[in-house]
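>
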Amino acid sequence: MFLYFDPRYIFFVMLPALILSTIAQLFVRSAFSKWGNIRNSSNLTGVDVAEHLMRTQGLGGVGLEAAPENAGDHYDPRTHTVRLTRDVAAKPSVLSMAVVAHELGHAQQHAEHSPLIQMRNFLLPAVQFSPLLSYGLIVAGLIFQIPGLAWAGVLFFGLVVLFMILTLPVEIDASRRGLRLLDASGLIRTDEERQGARQVLTAAALTYFAAAATALLQLLYYIMLVAGSNRD
Ligand SMILES: [Zn+2]
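According to the working numbering, the stretch in the sequence shown is residues 288 to 519, in order.
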């Protein structure tokens, strides 16, 4: 807890994190509100697009469900299922088309056993407990002056950062696959539509960049803190 009163933490981690996530959110909001209200040329809803791509692009066996209330659109690798939010599922927009294609890009990665995905999934269990565990270890290590404990915490947080960095190529690849699926199935018909789909997916990727950059800054801060305390 005392870390959050450290002005260095506020200036070098919290402030940049706030700026980065705000910029990413602005891009997301503007791209999503624009392309969420522009009809795609095929006049297909997200569900229609998903069914069309599954049928024509060799993606049989992928499930399709409604996303739970508080969850966004996502692909669940455990059940090989794409879950869509209500707007994306029901509206025939360029946004719906792009989001569905991206999620099916993840399904395709999974079906092809993409090595990046496997590495990322391998880290997933560790990552779920790491932020809290690493924070606890670092604080305990600093208070009781046991450098090994604090460094173990830094190491655990390093796993989180690694996971978030691995997420970036996975997300970019899913978007690339999604655009390819749309092209191959003939769903993208105009340049405007292609540009719109690309804008939506780029904006979504920015949020992952912002999160990874923030985690990296936090890791650097932890390293600085623990290294500094060892010198005393
Ligand atoms: Zn994704």
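For every residue, glycine included, the Cβ atom is placed at its ideal position computed from N, Cα and C.
#1: Assuming G347 is part of the alpha helix (DSSP H), what are its boundary residues?
#2: Determine the closest residue to P434 out of G515, H367, S383, with distance taken between C-alpha atoms.
#3: Based on the DSSP secondary-structure assignment, which residues constitute the bridge partners of R326?
#4: My parser needs the alpha helix (DSSP H) runs of 4 or more residues fully inside the segment 448-473; what are they?
#5: Could you spell out the range, first to last residue, of the beta strand (DSSP E) harbouring H361?
#6: Under 7 Å Cβ to Cβ from L420, same chain only, skipping five residues before and after it: list those, please.
#7: Between I325 and V381, is the Cβ-Cβ spacing less than 8 Å?
#8: Does the distance from the C-beta atom of D360 to that of T372 stay below 8 Å?
#9: Which stretch, first to last residue, makes up the beta strand (DSSP E) that contains T368?
#10: Go ahead and label N357 buried or exposed: buried means 16 or more other beta carbons lie within 10 angstroms of its beta carbon, across all protein chains shown.
#11: Compare the Cα-Cα distances from H367 to each of Q396, G440, V448, A471 and report the closest residue.
#12: Whole angstroms are fine: how far does the CA of S417 sit from the CA of A499?
#13: Ordered along the chain, which non-local residues of its own chain (more than five positions away) have a Cβ less than 6 Å from that of A377?
#14: Are there 16 or more other CB atoms within 10 angstroms of the CB of R316, so buried, or fewer, so exposed?
#15: Residues near ligand 1, CB to any non-hydrogen atom under 6 Å, in chain order?
#16: Just to confirm, are A413 and L340 a CB contact at a threshold of 8 Å?
#17: Within 8 Å of any Cβ in chain D, is that where the Cβ of D360 sits?
#18: Give the DSSP-derived three-state secondary structure of N408 in the structure shown.
#19: Can you check which of these residues, R481, T454, A311, S320, is closest to F409 by C-alpha distance?
#20: Per DSSP, what kind of secondary structure is H339 in: helix, strand or coil?
#21: Among the residues of its own chain, which have a CB less than 6 Å from the CB of A311, if the five just before and after it don't count?
#22: Using the C-alpha atoms, what's the distance from I297 back to M288?
#23: Which one of A304, E390, L305, A353 has the shortest CA to CA distance from G465?
#24: From M451 to Q405, what does the alpha carbon distance come to, in whole angstroms?
The answer reads as follows:
#1: G347 -> no alpha helix (DSSP H), and no H or E assigned at all.
#2: Looking only at G515, H367, S383, the smallest Cα-Cα distance to P434 is reached by G515.
#3: In the DSSP output, where bridge partners are listed per residue, R326 has S380.
#4: The qualifying runs do not exist here; there are none.
#5: Where H361 is concerned, the enclosing beta strand (DSSP E) starts and stops at 361-363.
#6: Within the same chain, L420 has close Cβ partners F443.
#7: Yes, these two residues count as a Cβ contact at 8 Å.
#8: The answer is yes: Cβ separation under 8 Å.
#9: That run of the beta strand (DSSP E) goes 368-371.
#10: Its Cβ having fewer than 16 others within 10 Å, N357 is exposed.
#11: That would be Q396, whose Cα lies nearest to the Cα of H367.
#12: In a straight line, the C-alpha of A499 is about 15 Å away from that of S417.
#13: A distance below 6 Å between beta-carbons, with the five flanking residues on each side excluded, links A377 to the following residues of its chain, in chain order: T332.
#14: Its Cβ having fewer than 16 others within 10 Å, R316 is exposed.
#15: The answer, residue by residue, is H389, H393, E458, A461.
#16: Going by C-beta atoms, A413 is not nearer than 8 Å to L340.
#17: No chain D appears in this structure, which consists of one protein chain only.
#18: In this structure, N408 counts as helix in the three-state DSSP scheme.
#19: Comparing Cα-Cα distances from F409 to each of R481, T454, A311, S320, the minimum goes to T454.
#20: Helix.
#21: These residues qualify, in order along the chain: L493, T494, A497.
#22: Below a pLDDT of 50, predicted positions are generally treated as unreliable, and M288, at 46, falls in that range; the measurement from the model is reported next regardless. Those two C-alpha atoms are separated by around 13 Å.
#23: Taking only the C-alpha atoms, the option nearest G465 is E390.
#24: When rounded, the separation of the alpha-carbon atoms in M451 and Q405 is 14 Å.
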